[in-house]
Amino acid sequence: MPTQAHAVSAGERIVAAYRQAWLAGLGAAALARDWLDTGAAPMLRTLVKEGTRVEAQAMRIVGARVGSSYALAGSAWRRARRGARAAIRVARARVPGALGQLPLPSRVAALVKPALAEIAPSRPRKAQRVAPTKAARVVRKPRGKAAVAARRARNRA
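Convert by adding 7 to the 1-based position in the sequence shown; the result is the number in my numbering.
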């Protein structure tokens with residue numbers, strides 16, 4: 008009787024492919040184990056050094072950008088606050104006089120006059136201010152490097 012070639016089914020081919028993948032993984036694990044035992048330490052040290060250098064460089068760049076962003080935001084905030092204070096001073100000085108000159112009906116004028124008294128500047132003008140006595144003056148903190156170092160040392164303690 009003639010022998011017929013055994014036809015390989017699709018299922019057997021899939022099982023064979025999975026087995027080859029499994030054996031390749033085992034071989035890779037064995038080689039990696041041998042490599043870790045023999046030559047991996049110097050290479051890993053080199054990779055760690057390079058990673059540390061790159062991280063330090065990135066932190067310097069990011070730190071500089073964040074610091075400059077804080078400085079820009081702080082200066083913009085101070086300018087905006089100064090501008091708002093100046094606008095409020097001008098409005099307090101000019102609005103009551105301008106409203107007083109407007110020809111208003113008597114009913115509206117009766118409502119506006121009490122409001123004008125509230126809007127009027129509450130602080131006396133510079134010519135009317137009284138100079139403070141020595142005891143009332145504010146003592147300013149020294150600003151030199153030594154003073155800053157002393158304050159830091161006190162705050163840490």
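Note that CB positions come from ideal geometry on N, CA and C, so glycine has one too.
Note that the structure is predicted; figures quoted are calculated from it, not measured.
Segment limits, alpha helix (DSSP H) that includes residue i
i	result
Leu-109	Where Leu-109 is concerned, there is no enclosing alpha helix (DSSP H), given that its DSSP letter is neither H nor E.
Between the CA atoms of residue j and residue i - distance to the nearest angstrom
i	j	result
Trp-42	Gly-32	15 Å
Gly-90	Ala-100	15 Å
Pro-103	Ser-75	42 Å
Asn-162	Gly-151	17 Å
Ala-24	Ser-16	13 Å
Thr-53	Glu-62	14 Å
Ala-35	Ile-21	21 Å
Arg-67	Thr-59	12 Å
Trp-29	Met-50	28 Å
Arg-88	Ala-47	60 Å
Asp-44	Ala-78	52 Å
Glu-57	Ala-71	21 Å
Arg-85	Pro-112	42 Å
Pro-110	Ala-83	40 Å
Ala-117	Arg-96	25 Å
Ala-105	Ala-98	10 Å
Arg-114	Ala-80	47 Å
For residue i, three-class secondary structure by DSSP
i	result
Ala-14	coil
Met-8	Residue confidence is low: Met-8 scores 47 on pLDDT, short of 50, so the model does not pin down where it sits. No coordinate-derived value is stated.
Gly-46	coil
Glu-57	helix
Gly-151	coil
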